[in-house]
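Taken in order, these protein sequences are the chains called P and W.
The numbering used here applies: residue 199 is where the first sequence begins, and numbers increase by one.
The numbering used here applies: residue 302 is where the second sequence begins, and numbers increase by one.
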Amino acid sequence: MATQELRQATANSIPSYTEFHPRWYRPHVSVYWWLGQRQYLKFILRELSSVFVAASVVLLILELRALKQGPEAFALLQHRLQSPLALALTTISFFFVVFHSITWFNLTPAAMVVRLRGKRMPDFLIAAPNYAIWLVVSALVAWLILR
Amino acid sequence: MAKQSNEAFFWTLFSAGGVVAAILIPVHLLLFGLAFPLGWVQAPSYGHLLSLAKLPLVRLYLFVLCALPLFHWAHRFRYTLYDGLQVKHLNEVIFTLCYGGAIAGTVYAGYLLWNLA
Chain P
199 MATQELRQAT ANSIPSYTEF HPRWYRPHVS VYWWLGQRQY LKFILRELSS VFVAASVVLL
259 ILELRALKQG PEAFALLQHR LQSPLALALT TISFFFVVFH SITWFNLTPA AMVVRLRGKR
319 MPDFLIAAPN YAIWLVVSAL VAWLILR
Chain W
302 MAKQSNEAFF WTLFSAGGVV AAILIPVHLL LFGLAFPLGW VQAPSYGHLL SLAKLPLVRL
362 YLFVLCALPL FHWAHRFRYT LYDGLQVKHL NEVIFTLCYG GAIAGTVYAG YLLWNLA
């Protein structure tokens with residue numbers, strides 16, 4: 199007991215030293231850093247669109263599973279997709295996947311620089327073919343399914 | 302010698318998945334998630350969809366349509382968690398969950414498409 203008190207007293211009397219260490223300049227970044235500016239928010243929303251891309255694949259897999267299970271399972275899934283909750287989710291997902299498409303297509307000019315007779319082609323001329331392909335392929339897929 | 306990074310491989314999957322998702326996902330979601338349930342257009346019959354999905358080329362198409370966008374999600378969502386929530390210390394867990402999810406979805410889609418009667 200006495201030894202412990204003595205040790206405590208000694209510890210209190212000795213000044214503690216902090217070794218010299220240059221402090222790093224590392225400003226604290228809030229977890230909500232992306233809420234402050236529109237560009238940051240757009241960036242995070244664009245990245246989050248991947249969640250809705252995955253959700254769309256989950257819906258596709260559910261349709262395939264129902265197709266495999268038979269007509270009753272398929273009809274049940276179609277019925278469930280009519281519920282307000284499912285419709286809310288598919289509506290939100292649809293806006294996000296379209297947002298993904300637009301932001302993805304608009305990235306092409308940044309990734310690909312095309313020069314024609316020594317002049318750089320304007321961005322919209324590089325992005326435009328993506329939109330044309332998008333429309334044609336979408337129409338083709340819809341035609342195959344609805345035919 | 303420096304350890305070879307796998308980043309390029311995962312990035313290629315991310316990029317390919319991004320293209321597939323951008324061009325093909327909206328029309329599928331619009332039809333099956335909104336247009337059919339809301340009755341905007343006459344929904345195709347079970348028989349028509351099944352016979353369509355059984356075509357070898359369509360099976361391959363559907364497999365790619367499931368697999369690549371899942372790997373696109375895995376890569377992008379992983380970095381969203383790193384940057385957005387600043388959870389770099391959970392690196393391994395997030396990596397495993399994201400790519401594990403993508404692999405599981407891909408395998409399940411492959412199983413379903415392979416066994417479509």
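Ideal Cβ placement from N, Cα and C applies to all residues, glycine included.
- Going by C-alpha positions, P220(P) is about 57 Å away from L285(P).
- Taking a contact to require three or more Cβ pairs closer than 8 Å, the stretch 311-323 of chain W and the stretch 315-327 of chain P do not qualify as touching.
- In the DSSP assignment, R236(P) falls within the alpha helix (DSSP H) that extends over R236 to Q267.
- By the rule that beta-carbons nearer than 9 Å mark a contact, F333(W) touches chain P.
- The same chain holds no residue with a CB closer than 7 Å to that of G401(W) once the five nearest residues on each side in sequence are set aside.
- Burial state of N307(W) is exposed, judged by a 10 Å Cβ sphere holding fewer than 16 other Cβ atoms.
- F297(P) sits close to R244(P), with the two beta carbons spaced by under 9 Å.
- For the stretch 326-338 of chain P, the set of residues with a beta-carbon nearer than 7 Å to any beta-carbon of chain W comprises I331, W332, V335 and S336, in chain order.
- By the rule that beta-carbons nearer than 9 Å mark a contact, F378(W) touches chain P.
- By the Cβ criterion, the stretch 263-280 of chain P is in contact with the stretch 336-355 of chain W, since at least three pairs of Cβ atoms, one from each stretch, lie closer than 8 Å.
- Under the three-state reduction of DSSP, R360(W) is assigned to helix.
- For F337(W), the chain P residues whose Cβ falls inside 8 Å of its Cβ are Q276 and L279, in order along the chain.
- Assigned with DSSP and collapsed to three states, R379(W) falls in helix.
- Under DSSP, R313(P) forms a beta bridge with R318(P).
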